[in-house]
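*Asks:*
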Amino acid sequence: MNRAYWRSPEAYKKLQTFDAPGFAFQFLNRNPEFVKDRERLQQLDRRGALEPAEVNAFARRWGLLLPDDESSK
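For the sequence shown, position 57 matches number 314 in our numbering, and the numbering has no gaps at all.
1. Could you compute how far the alpha carbon of residue 268 sits from the alpha carbon of residue 286?
2. Residue 288 by DSSP, collapsed to three states: which one?
3. Just to confirm my understanding: we take residue 300, look at its own chain, exclude 5 residues before and 5 after, and list those with CB closer than 8 Å. What are they?
4. Residue 303: beta carbon under 7 Å from a heavy atom of the ligand ADP?
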């Protein structure tokens, strides 16, 4: 979005169509570090080398699991 239009309601119309998880996904998907981590997991998965502990570490690092979620331990 052009900085000149940051106050324009039109600039935010698409954001209003997202629910909270959709908005969070859009936010994370624009973070270069998240994209790099996700691509690394995808490469491991393609090679058949993806371990559950690696997935859980990724999820914890990016806040994708609730802190008290038993599957994150």
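The beta-carbon is built from N, C-alpha and C at its ideal position, and this holds for glycine as well.
*Replies:* According to the structure shown:
1. 19 Å
2. It is coil, neither helix nor strand.
3. none
4. Annotation note on the ligand ADP: not contained in the displayed structure, which lists no ligands.
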